[in-house]
Amino acid sequence: MLRDAMQAVGTPAFFDVYQALFRARVAFGTFLMMRFDPGQPPSLLDHWIEPGRLRPTALAEYLESTYAFDPFFQYRDRVEGGGVFRLSEVAPDRFFSSEYYLQYYRGSGLCDEVGLLAPVARGGVAHLSMSRRDAQGPFRRAELRYLRKYAPLLLELLTQHCNKISPAAQDGLVVARPPLADLIRNYAKHVLQFALTAREAQIAGLVLQGHSNGSAAKTLEIATETCKVHRRNLYRKLNISSQRDLFGLFKHLL
1 MLRDAMQAVG TPAFFDVYQA LFRARVAFGT FLMMRFDPGQ PPSLLDHWIE PGRLRPTALA
61 EYLESTYAFD PFFQYRDRVE GGGVFRLSEV APDRFFSSEY YLQYYRGSGL CDEVGLLAPV
121 ARGGVAHLSM SRRDAQGPFR RAELRYLRKY APLLLELLTQ HCNKISPAAQ DGLVVARPPL
181 ADLIRNYAKH VLQFALTARE AQIAGLVLQG HSNGSAAKTL EIATETCKVH RRNLYRKLNI
241 SSQRDLFGLF KHLL
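Position one of the sequence shown corresponds to residue 1 (full-length UniProt numbering), numbered consecutively onward.
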């Protein structure tokens, strides 16, 4: 099977053979291969979803907008040499209590995810995502040990294949979605009639992605107390009192 995967690199047969390589030792309900390129939304290279087990619009919603809330997408610039990561290892510290996770991720019937992230040509990152449904339960320790033991080989296969079939998109061919903070600030100004500062909009986006004050402050390289002040001002201007209220105002931007 490994020899088959090596021979199939760069061909249409690779996805099925690569999936079989995982399936021999790991159970999953979705198997998605995509690419993250700088300044662009994810490119879906191939996918398998267990029939009838995922909300029909979930994948289209992800590719159009909700990818901005995906911890693996947020983590793409920090992978260095690549690796195998469980969702809980890359997610912001409050992700699992965020409204996005509760309404969209859990709403799709998923309970756990493992992702491979591998640097590819021209600053891109290849991403292989495997998710588990509620009925399957979280990934087991033996499965994770297998993935990590063979990670160098699995990552090398993914890198070689994506470099051969998917050169980075050229400038101007794909319209990049504006950063979440810009979407929030523009909507607040033109629709809600509230003037948010650039920093308040950044913090709003990070809170929606599942960051606590401390985690948002670390991401923005500011003091935690400074972050708290900006968040209080943000909530005061919007006349809200919780992350749930914030999500209610901006969830249509997903």
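Yeah, the Cβ is synthetic: ideal placement off N, Cα and C, and Gly gets one too. Just so we're clear, the structure is a prediction, and the values are computed from it rather than from any experiment.
Query: Three-state secondary structure assigned by DSSP to I49; Result: strand
Query: Residue ranges of each beta strand (DSSP E) within the region 127 to 170, 3 or longer; Result: none
Query: Simplified DSSP assignment, three categories, for P119; Result: strand
Query: Beta-carbon spacing of T224, N213 below 7 Å; Result: yes
Query: One or two residues paired with S43 in a DSSP bridge; Result: R35
Query: Nearest neighbour of G10, chosen from G137, I49, E156 [CA to CA]; Result: E156
Query: In DSSP terms, what T224 is bridged to; Result: Answer is none; T224 lacks a bridge partner.
Query: Of the residues H190, L208, R185, the one placed nearest T197, counting alpha carbons only; Result: R185
Query: With 16 other Cβ atoms within 10 Å as the buried cut-off, status of Q152; Result: As written in the sequence, residue 152 is Pro, which differs from the Gln given in the question. P152 should be labelled exposed.
Query: Contained alpha helix (DSSP H) runs [length at least 4] in the region 173 to 197, N- to C-terminal order; Result: 180 to 190
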